[in-house]
Structures are given as C-alpha cells and as structure tokens.
Amino acid sequence: MTKHTITLIPGDGIGPEVSAAVVQIVEASGAQVEWETHYAGAQALEKFGDTLPQELLESIKRNRVALKGPITTPVGKGFTSVNVGLRKALDLYANLRPVRALPNIPSRYPELDLVVVRENTEDLYSGIEHVVVPGVVESLKIITEKASTRIARFAFDYARREGRKKVTAVHKANIMKLSDGLFLECFRNVARDYPEIEADDKIVDNACMQLVMRPEQFDIMLLENLYGDIVSDLCAGLIGGLGLVPGANIGELGAVFEAVHGSAPDIAGQGIANPTALLQSAILMLRHLGEREPAEKIEKAMLKVFEEGRVRTRDIGGESKTAEFAEAIIAVM
Ligand code: NAI
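Going by the numbering used here, the sequence shown opens with residue 193, and the numbers climb by one from there.
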C-alpha cells in the first residue's frame, strides 16, 4: 500500500475536536497516511502574521491533498475568508458534494444518493461590482468557455470513475442566453466524449422543485457557482443537514477535503461535536487517493454505527461524545 502524506488543517472552534476523531479513525482503518499539520485563520495570524501562511500552501502543493476542519471568519471586520483564499490560491475549481441519506437519521428521502458538482471560480462570485450612478449598481456575471468546459469534464470524469449514470446540467439559459447558454453549450460538447453517460439539463427553478418532489431522478447535478452554492445546501437539507455531508474543493494543483459546516463556537471545547461530515470528507479523500479499501472499511463501520443507533452525538438526538462516536466506529472496524 502506498504511503500518503496529507496536509492536515485542524481549523478552530470544533475543528480540532472533529479532526482528532477523524485522524484516529483513518489511522485505525489501516490506510498508510502521514499528516503534516498546519494552522490557518486566527491561529496562523497570531503565530505567523498571516491567515494563510505560505508554508501551508507549499505543503498542499507538495502533497496535493489536504483535510481541513472549519475556520472562523470574523463577520463585518477582520480578515477575509481563509476558505475562499485557499480556493483562489490553489485554483480549486471544482466543488464536489456527495449527498447520501444515512440510516436512522430523520430525512424525507431515506434512499437519496446524488452528487452536486459546482463551478468554484467565476460567475457572480468574481466580485466585480461597481456603482454606475448613485442608486444603481452593476455586478458582473463572468462565464468562460474554459471554466465551463473543465468543470463539465470534471463531472463526467467523476461519473465514469464512480460508476454514476447521468449528469444533469442546471441553468437559466432561457433568460441568460449568452452566459448560461455558453455554460450549457460547453456541457453538451463535453458530453459527446462520454457516450455511456446520460446527459440532460434542467432550468434551475424547475430543478429546485423537482429536487423537493422527486429527488431520486438526479444522479450528478452540474451547476455554475451561484446556483451550485444554493442547490448544494438545499440538497444537504434533504438528508438531515450540513452537519452530515462531506465536501471537497479540487483543482489541478491539489484537493482540499472539508466539512461544509462552520466552527460551531457555541459548542466548541465541549467534546460533543459530530465528526460525521469531516469523516465523510476523509472517506472521499481516501477514494480520491485510490485507497478504496480503507475508504469502504470506514464507510461500512460508520453506517453500522448509525444503523445500530446507540452511539449518536447530541445534534442528531443522542448523548454521545465525539470521542465515543470515533471509538464505536473503530470497534466495528
Ligand atoms: P456553524 O456551522 O458553525 O454552526 C451552525 C449550528 O450548527 C450551530 O448551532 C452549531 O453548534 C451546529 N453545528 C455545526 N457543525 C456541527 C457539528 N459538527 N456537530 C454538532 N453541531 C454542529 O455555522 P455558523 O455559526 O454560521 O458559523 C460559525 C463560524 O464558522 C463562522 O465564523 C463562519 O464564518 C465559519 N464557517 C466556516 C466554514 C468553513 O471553514 N468551511 C463554513 C461555514 C462557516
């Protein structure tokens, strides 16, 4: 088995607690991993005078993979988001969010299993805004052939690798004929190279209604940045919320796997945080590294612990501590 060096960013708030649990589980799975721990955000600012130290970026570029806990972003003042900074610095253009229902977790769709792929670098998030005249502002939506093509290729490659059957592009090309039209055209061009994978598309408002009424019709959804941001959280809500789903930001220079929830300052330091989201991100990371065996071992053990339902953290109706949940999974493995 190949040994992998992984950059570990424990984060702050509940970050160090959930990271410790996940590291323990990954090591117990037999995966050959070595961690390079780095700080980011307020902790790094205090120690190195920079929220996103160069050493951290170098470490990710060298190892090409990182596991990251949540990092607090001060509201309305202080430094800009480290999460956004990381995406920009490493050109992590693809945001991947697999959404699958877990046993024994209340959800309207206990069979749901879909994947949201979101373009991460452009669209209305380019941040190009200006005042035209007082009382009128303009915010530019940038869509390029290059970014639309590479994200479509990412979605189809992922479908091929993971044995998924269909990719649905979600857009509003009936109104934004040029921008969303280009996104859709690039999707259709790329789809021709993957004849074994079904390709279809839906207008975003209809796609949202369909998601709520009949989500099982979707397999992989492919979206621009803004629609992707909204729809990926909507999908997390379909199966029990942000505390459970994994996430990854992937680019040519590296891939950062992270929980999508925040640093939960209200419960930090109490040892009661749910490590499931970060654990699922670690499973995704092991698959990305080609370590399918340990990934499956952890996933099976985690599903078993959910099925049994005896050990569950407070956010999902239990009383167990973070460490007890980790120990239960390790015991099953
Ligand atoms: P949050 O996700 O930290 O918390 C929302 C609620 O969910 C809280 O009640 C919290 O206790 C609960 N929660 C979240 N994760 C949990 C877990 N693993 N186990 C049990 N309960 C959990 O969102 P909030 O309060 O809006 O943000 C707090 C800070 O986190 C902010 O500074 C924000 O900028 C940052 N943040 C960082 C992210 C990242 O690093 N990827 C993502 C989102 C927010």
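All C-beta atoms in this analysis are idealised placements derived from N, C-alpha and C, irrespective of residue type, glycine included.
Tell me whether Asp458, by its Cβ, gets closer than 7 angstroms to a heavy atom of the ligand NAI. Locating residue 458 in the sequence shown gives position 266, where the first residue counts as 1. Shortest gap from the CB of Asp458 to any heavy atom of the ligand NAI: under 7 angstroms.
Sorted by chain position, which residues of the same chain lie with C-beta nearer than 6 angstroms to Gly222's C-beta, five sequence neighbours on each side aside? Reading the sequence shown from its first residue, position 30 is the one you call residue 222. Correct list, in chain order: Pro486.
I'd like to check one pair, Asp372 with Ala383: are the Cβ atoms closer than 8 angstroms? Within the sequence shown, numbered from 1, the residue matching residue 383 stands at position 191. Within the sequence shown, numbered from 1, the residue matching residue 372 stands at position 180. Their beta carbons are not under 8 angstroms apart, which means Ala383 does not touch Asp372 by this criterion.
Looking only at its own chain, which residues have a Cβ that is under 6 angstroms from the Cβ of Ile334, when we skip the five neighbours before and after it? Here residue 334 corresponds to residue number 142 of the sequence shown, with the count starting at 1. Within the same chain, Glu314 and Ser318 come within 6 angstroms of Ile334 by CB-CB distance, once the 5 residues on both sides are set aside.
According to the neighbour-count rule (16 or more other Cβ atoms, all chains shown, within 10 Å of its Cβ), is Glu209 buried or exposed? Taking the first residue of the sequence shown as 1, we reach residue 209 at position 17. Glu209 should be labelled buried.
Exposed or buried, what is Leu370 when buried is set at 16 or more other beta-carbons lying within 10 Å of its beta-carbon? If you number the sequence shown from 1, residue 370 lands on position 178. Leu370 is exposed by the Cβ-count criterion.
Considering only residues of the same chain and omitting the five flanking positions on each side of Gly433, which have a CB-CB separation below 7 angstroms? On the sequence shown, residue 433 is found 241 positions in, with the first residue counted as 1. Counting only Cβ-Cβ distances below 7 angstroms, and skipping sequence neighbours, we find nothing.
In the DSSP assignment, the alpha helix (DSSP H) including Leu471 goes from what residue to what residue? For the purposes of this step, residue 471 is taken as residue 279 along the sequence shown, with counting starting at 1. Element bounds for Leu471: Thr468 to His480.
Proximity of Ala428 and Ala451 at Cβ, strictly below 8 angstroms: Translated into the one-based positions of the sequence shown, residue 428 becomes position 236. Translated into the one-based positions of the sequence shown, residue 451 becomes position 259. Not a contact, by the Cβ cut-off of 8 angstroms.
Measure the Cβ-Cβ separation of Ser455 and Ile263 and say whether it is below 8 angstroms. Looking up residue 455 in the sequence shown gives position 263. Looking up residue 263 in the sequence shown gives position 71. Judged by beta-carbon spacing, Ile263 lies within the 8 angstroms limit of Ser455, meaning their Cβ atoms are closer than that value.
Write down the C-beta distance between Val309 and Tyr350 rounded to the nearest angstrom, noting that I regard them as a contact closer than 8 angstroms. To locate residue 309, count along the sequence shown from 1; it is residue 117. To locate residue 350, count along the sequence shown from 1; it is residue 158. The Cβ separation is near 7 angstroms, so the contact holds.
State yes or no: is the C-beta of Gly373 nearer than 7 angstroms to some heavy atom of the ligand NAI? On the sequence shown, residue 373 is found 181 positions in, with the first residue counted as 1. The answer is no for Gly373.
At a threshold of 7 angstroms, does Gly463 count as lining the ligand NAI (C-beta to nearest heavy atom)? Translated into the one-based positions of the sequence shown, residue 463 becomes position 271. No, Cβ of Gly463 sits at least 7 angstroms from all heavy atoms of the ligand NAI.
To test your reading of the DSSP string, which unbroken beta strand (DSSP E) runs of 3 or more residues are found completely within the segment 323-366? Within the segment 323-366, the complete beta strand (DSSP E) segments of 3 residues or longer fall at 328-331 and 358-363, listed in chain order.
From the DSSP output, read off the bridge partner residues of Val448. The count along the sequence shown starts at 1 and reaches residue 448 at position 256. Per DSSP, the beta bridge partners of Val448 are Ala258 and Asn441.
Looking at C-beta atoms only, is the number of pairs between the segment 286-298 and the segment 230-237 that lie closer than 8 angstroms three or more? With contact defined as three or more Cβ pairs closer than 8 angstroms, the segment 286-298 and the segment 230-237 are not in contact.
Name the one or two DSSP bridge partners that Ala286 has. By 1-based counting over the sequence shown, the position of residue 286 is 94. Beta-bridge pairing links Ala286 to Glu311 and Ile442.
For Lys394 and Met401, I'd like the C-alpha separation in whole angstroms. In the sequence shown, counting from the first residue as 1, residue 394 sits at position 202. In the sequence shown, counting from the first residue as 1, residue 401 sits at position 209. Spanning the two alpha carbons is a distance of roughly 11 angstroms.
Neighbour-count burial assignment, Lys338, 16 or more Cβ in a 10 Å radius: Here residue 338 refers to the residue found at position 146 when the sequence shown is read from its first residue. Result: exposed.
Roughly how far, in whole angstroms, is the beta-carbon of Val359 from the beta-carbon of Ala399, given that I think they are within contact range, below 8 angstroms? Stepping through the sequence shown from its first residue, residue 359 is reached at position 167. Stepping through the sequence shown from its first residue, residue 399 is reached at position 207. 13 angstroms between Cβ atoms; not a contact.
Indicate, with yes or no, if the ligand NAI has a heavy atom lying under 7 angstroms from the CB of Thr551. Residue 551 lies beyond the range of the chain shown here (193 to 525); nothing can be said about it.
Inter-residue CB distance, Ser340 and Phe375 (contact presumed, cutoff 8 angstroms): By one-based count along the sequence shown, residue 340 stands at place 148. By one-based count along the sequence shown, residue 375 stands at place 183. About 5 angstroms separates the two Cβ atoms, so the contact holds.
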